Every structure is written in C-alpha cells, then in structure tokens.
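To start, the structure itself, in structure tokens.
In this note's numbering, the protein residues as written are -18 to 292.
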C-alpha cells in the first residue's frame, strides 16, 4: 500500500517510577531525518528508537518529543517517619560541629526528596520510553497509510482525466489529417487558378492528387504524436501499478522484491510524462492539440505535487 510521509502518533506508559509520554510527528523529506526533543533522563532510549524507526520508515522528517513525570507517591514515602528521623539525626550530627546550623524548612525537605528520585536507574526510563513508542509508532504508520490511500485515489482520479485527453487526441488525429488534406487541396487549386488561368486543363487529376498526398504525408510526419501518446499510456499503466495494493509500505512488491521508494519512482515517472506532454505541444497541428498539451501538463503537475507527500 502507498504511504504518506505526513502523520502523527502518541503513546504513554505508566508504572511505579512515573509516566513517560512520546509524540511522533512526520512531514515530507527526501530522506529519513529523525530529530529528538527529550530530557537527559530518556537519552538512553535515543539509539534504540532511531533503529526501530529506520526499520519501519524509509523517508520523512520525524520529530520525536518525549517527556516524563515521576511518581508523586515516592515523595510521600520518603517523608514518612523513618525519613524524618534520619533528617533529625543528620541535623543533630551537624550541630555537634556547627551549633548554629538552622533546621531545614518543609520546602527544602520536599526538594531533597524530589532530587533523590533522580536516582532511578536510567535503564528503567529507557525501557518505559520504548514501551511508549510502540503505540505511538502504530498510530503514525496507520495515519501514513490512511493519508497515502487518499493521495493515491486523488492521483488516480487525475490520471483518469489524463487518459481521457490522450484518447481524445488519438481520436482527433485522423480528423486533423483529413482537414489538412482538404485545406491543401483548396490552397493548391486556388494557387494554380490565380497563377495560370485555365491551368487545370494542363494538370491531370492524378498529378494533383499525388501532390496533395505528398504534402499531406509531410504534414502527417511533422505532427505524428503516436509514439508520445503510446508512452503516455504506458506511464499511466505504471502509475496504476505503483499506486496499487500490490506494493507494501516499504516499497516491496507482494512477491517480496524490493522496488524502491514509491515517492521517488513517482517523481521520475511524472518527469517523463511531462516530457511527453512538452513534445506533444511542440508538434501540435491545431489549437485543440495545443490546448490538450497544456491540460496534460497541468494535470501532471497536480499529480507531481501530490506525489511529493508519498514515502
């Protein structure tokens, strides 16, 4: 399935140590760019998170915000009778050396208690961070797939319009050639009549028909766009394949063969389609074909802008 690079996910884990929360935000990028916003207590989890993301994502700028809150119950336990007795003992020992030592206030005692909580093993915080990453990453991947499905449908709808224009140009070509033959015939007759009054008496019908056929053939070669139209139809077929459900988010076909980044392949495909549309415009033999080439370029550009969001 086609995946977008734009999505969001969050996760939270709560334990005896406290609570750890993680937010993942993903936007467009040519490559996988992972950025961390987390306190030092959670830095131990940075490398495992980076490795896990690299296995699940191939492109996108991913911002990871992590935060934690210690369990308040731990502070209450440290303010129990035993903790207060230790403080009294330590104060008495200090006054034996420094008799003027003042007793600490309640605020200071609470502050000491909070600082002691930092002694929690960093590995505990790291494991909690990885646990919170799991639901956040699941939400992110699901969001990327949903957005990718919407983008795919939008591009396929636009591709249908491209196919209609290509079919219209194919239908228009015989009519254009016939109109050119009639135009050449009329022009030749008028030229001969004006230059040599009664000149048709000296020119046979087969000669005139041969001259018209020769000029028509030259015009047909000049405006021949059959190859361009065939390539455009081939590109549309490839587009349908790239956006089909036969591909996995990692860019692998259902058979397991790696086909690369879908977004990059789409970008190259639209460059080729745009080149064909330009050639079609340069060979335009009528105003209708010129308009068709312009419409094709606009539609291809619309699809290319959508593909910029595809992983």
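By construction, the Cβ of each residue, glycine as well, lies at the ideal position given by its N, Cα and C atoms.
Just so you know, these numbers come straight off a predicted model, no measurement behind them.
DSSP beta-bridge partners of residue 41:
13
Expected contact under 8 Å - CB spacing of residue -6 and residue 109 to nearest Å:
Their Cβ separation, rounded to whole angstroms, is 5 Å, which keeps residue -6 and residue 109 in contact under 8 Å.
What residues are listed by DSSP as bridge partners for residue 63?
According to DSSP, residue 63 bridges with nothing at all.
Using CA atoms only, rank isn't needed, just tell me which of -8, -2, -14 and 281 is closest to residue 140.
281
Look up residue -1 in the DSSP assignment and give the residues it is bridged to.
Bridge pairing for residue -1: -4 and 51 [DSSP].
Residue -17 and residue 133 closer than 9 Å at C-beta
yes
Buried/exposed call for residue -4, threshold 16 Cβ in 10 Å
exposed
Residues of its chain near residue 144, where Cβ-Cβ distance is below 8 Å and the 5 sequence neighbours each way are ignored
214 and 217
Less than 9 Å between the C-beta atoms of residue 112 and residue 43, yes or no?
no
Report yes or no: is there a C-beta of chain B within less than 9 Å of the C-beta of residue 251?
In the structure shown, chain B cannot be found, because there is only a single protein chain.
Kindly list the residues whose CB is nearer than 6 Å to the CB of residue 27, restricted to its own chain and excluding five residues on each side of it in sequence; keep chain order.
For residue 27, the CB contacts under 6 Å within the same chain, skipping 5 residues up- and downstream, are 17 in chain order.
Between which two residues does the alpha helix (DSSP H) carrying residue 215 extend?
207 to 223
Residue range of the alpha helix (DSSP H) that residue 256 falls in?
For residue 256, the enclosing alpha helix (DSSP H) begins and ends at 243 to 263.
Assign residue 78 to buried or exposed, taking buried as 16 or more other Cβ atoms, counted over all protein chains shown, within 10 Å of its Cβ.
exposed
Within 10 Å of its beta-carbon, does residue 81 have 16 or more other beta-carbons around it, so buried, or fewer, so exposed?
exposed
Less than 9 Å between the C-beta atoms of residue 219 and residue 250, yes or no?
yes
Considering only their Cβ atoms, is the gap separating residue 262 from residue 123 smaller than 9 Å?
No, these two residues do not count as a Cβ contact at 9 Å.
Opposing strand residues paired with residue 30 [DSSP bridges]
According to DSSP, which records beta bridges pairwise, residue 30 is partnered with nothing at all.
When the Cα atoms are used, what is the spatial distance from residue 35 to residue 207?
Straight across, the Cα-Cα distance linking residue 35 with residue 207 is about 45 Å.
Leaving aside the five residues before and after residue 107 along the sequence, list all residues of the same chain whose C-beta is less than 8 Å from its C-beta, in chain order.
23, 25, 26 and 29
Measure the Cβ-Cβ separation of residue 292 and residue 225 and say whether it is below 9 Å.
no
Residues near residue 275 in its chain [Cβ-Cβ closer than 6 Å; skip 5 each side]:
Apart from the 5 residues on each side of it in sequence, residue 275 has no Cβ closer than 6 Å to any other Cβ in its chain.
Supposed close pair residue 118, residue 5 - CB separation, criterion 8 Å:
Between residue 5 and residue 118 the Cβ distance is about 7 Å, and since that is below 8 Å, they are a contact.
Quick check: the Cα distance between residue 11 and residue 259, rounded to an integer number of angstroms?
26 Å
Between which two residues does the alpha helix (DSSP H) harbouring residue 270 extend?
268 to 288
Residues near residue 48 by beta carbon distance below 6 Å, same chain, minus five either side:
2
Collapsed DSSP secondary structure at residue 4 in the structure displayed
Residue state for residue 4 is assigned as strand, using DSSP reduced to three classes.
With distances taken between CB atoms, is the gap from residue 72 to residue 84 smaller than 9 Å?
yes
Tell me whether residue -13 is buried or exposed, calling it buried when 16 or more other Cβ atoms sit within 10 Å of its Cβ.
buried
Would you tell me roughly how many angstroms separate the C-alpha atoms of residue 232 and residue 290, rounded to the nearest one?
Its pLDDT being 46, under 50, residue 232 is placed unreliably by the model, and the measurement read from it follows with that caveat. So the two alpha carbons sit approximately 15 Å from each other.
Among 273, 21, 277 and -1, nearest to residue 153 - alpha-carbon criterion:
273
Given the structure, does residue 117 come close to the ligand PLP, in the sense that its CB is under 8 Å from one of the ligand's heavy atoms?
As far as ligands go, the structure on display features none, and thus does not contain the ligand PLP.
Using DSSP's beta-bridge definition, name the partner residues of residue -12.
In the DSSP assignment, the residues bridged to residue -12 are 7.
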